[in-house]
Amino acid sequence: MEYAKLKQSLDTQGVTLVAVSKTKPPSAILELYTQGQRLFGENRVQELVEKHEALPKDIAWHMIGQLQKNKVKYIAGFISLIHSCDSLSLAKMINKEAKKNNRKIKVLLQIKIAKEDSKAGWSYEQLLECIEELKGLAALEVGGVMGMGTFTDELGVNEKEFQNLKHYFDALKKEHFPEDSFKNISMGMSGDYPLAIECGSTMVRIGSLLFGSR
Ligand SMILES: *Cc1c(COP(=O)(O)O)cnc(C)c1O
Numbered sequence: 026m027e028y029a030k031l032k033q034s035l036d037t038q039g040v041t042l043v044a045v046s047k048t049k050p051p052s053a054i055l056e057l058y059t060q061g062q063r064l065f066g067e068n069r070v071q072e073l074v075e076k077h078e079a080l081p082k083d084i085a086w087h088m089i090g091q092l093q094k095n096k097v098k099y100i101a102g103f104i105s106l107i108h109s110c111d112s113l114s115l116a117k118m119i120n121k122e123a124k125k126n127n128r129k130i131k132v133l134l135q136i137k138i139a140k141e142d143s144k145a146g147w148s149y150e151q152l153l154e155c156i157e158e159l160k161g162l163a164a165l166e167v168g169g170v171m172g173m174g175t176f177t178d179e180l181g182v183n184e185k186e187f188q189n190l191k192h193y194f195d196a197l198k199k200e201h202f203p204e205d206s207f208k209n210i211s212m213g214m215s216g217d218y219p220l221a222i223e224c225g226s227t228m229v230r231i232g233s234l235l236f237g238s239r
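Residues in the sequence shown are numbered consecutively from 26, following this note's numbering.
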């Protein structure tokens with residue numbers, strides 16, 4: 026899809042576009058950059074670091090893939106948002122590396138909404154068990170939640186999952202994170218983003234629709 030059209034449509038809906046550039050070369054990123062896009066998402070640390078080094082410094086980089094604790098240090102200095110904070114031990118490591126870099130690091134809490142075992146994330150119950158500890162991590166700024174729907178053609182399944190994530194967000198906001206900075210629901214990809222937006226998404230992660238299939 027044409028970038029400008031998608032961006033404009035999302036802007037009018039108040040939804041943030043994360044252009045998912047994983048596996049795509051810097052030249053493809055620059056093509057969108059020259060059209061105004063400044064926010065890109067990657068899912069592998071090494072690729073993220075290489076692209077951060079090679080590309081303009083006013084790009085905001087988001088980590089959207091599963092993150093190993095021992096790799097947090099490579100991105101802690103520059104990462105703009107980590108969507109995939111999915112365990113207390115990872116949150117503690119991000120907090121530690123943020124302190125070392127004299128900054129706060131923004132994260133989203135990844136909640137498991139899909140049925141497949143492969144999809145990472147906290148169950149909502151597990152998340153509630155460590156919420157007080159999470160709130161105590163001073164260099165961590167919790168900016169909302171992230172989730173991935175089941176890979177299926179049945180939109181009814183995804184709709185229910187997205188509604189669940191919205192419900193979790195609302196409950197967390199009410200009970201634990203009343204501050205303005207807790208504001209994002211990252212859900213929706215190329216195949217399901219219109220539905221995700223209907224269900225309350227504020228941030229969509231779109232790759233193949235913008236860059237072509239991988
Ligand atoms: C690859 C990826 C996306 C984008 O997927 P598309 O279907 O190409 O839009 C979104 N979120 C995550 C976590 C991904 O790994």
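Even for Gly, the Cβ is constructed at its ideal location relative to N, Cα and C.
Pair within 8 Å by beta-carbon distance, residue i and residue j
{"i": "R63", "j": "D36", "result": "no"}
{"i": "L152", "j": "L134", "result": "yes"}
{"i": "V229", "j": "V74", "result": "no"}
{"i": "L92", "j": "I136", "result": "no"}
{"i": "G169", "j": "N209", "result": "yes"}
{"i": "R28", "j": "L57", "result": "One detail in the question is off: residue 28 reads as Tyr in this sequence, not Arg. Yes. Within cutoff."}
{"i": "S215", "j": "L234", "result": "yes"}
{"i": "H201", "j": "K160", "result": "yes"}
Residue-chain proximity (residue i, chain D), Cβ-Cβ < 8 Å
{"i": "L235", "result": "The structure shown contains no chain D; it holds only a single protein chain."}
Cβ neighbours of residue i in the same chain (closer than 7 Å, five flanking residues each side left out)
{"i": "L180", "result": "L220"}
{"i": "T175", "result": "A139, K140, E141, V182, N183 and E186"}
{"i": "K198", "result": "F207"}
{"i": "Y149", "result": "I136 and Y193"}
{"i": "Q60", "result": "Y28 and A29"}
Three-way DSSP call (helix, strand, coil) for residue i in this model
{"i": "E67", "result": "strand"}
{"i": "I84", "result": "coil"}
{"i": "E184", "result": "helix"}
{"i": "T59", "result": "coil"}
{"i": "I138", "result": "coil"}
{"i": "L42", "result": "strand"}
{"i": "M171", "result": "strand"}
{"i": "E78", "result": "helix"}
{"i": "E27", "result": "coil"}
{"i": "T165", "result": "Reading the sequence as shown, one finds Leu at residue 165 and not Thr. Three-state result, L165: strand."}
{"i": "K198", "result": "helix"}
{"i": "I156", "result": "helix"}
{"i": "L234", "result": "helix"}
{"i": "L190", "result": "helix"}
Nonlocal neighbours in the same chain, by C-beta distance under 6 Å from residue i, ignoring five residues either side
{"i": "M118", "result": "K94 and V97"}
{"i": "I107", "result": "M88 and V132"}
Close-in-space but distant-in-sequence residues of the same chain around residue i (CB under 8 Å, 5 per side omitted)
{"i": "G39", "result": "T227"}
{"i": "R69", "result": "K47 and G90"}
Run of the alpha helix (DSSP H) containing residue i, from where it starts to where it stops
{"i": "I210", "result": "Careful: I210 lies outside any alpha helix (DSSP H), inside the beta strand (DSSP E) at N209 to S211."}
{"i": "L113", "result": "L113 to K125"}
{"i": "L220", "result": "Y218 to E223"}
Endpoints, beta strand (DSSP E) assigned at residue i
{"i": "S109", "result": "L106 to C110"}
Problem set entry | Residues surrounding ligand 1 [beta-carbon distance to nearest heavy atom under 5 Å] | V45, N68, I89, M214, S215, R230, I231, G232 and S233
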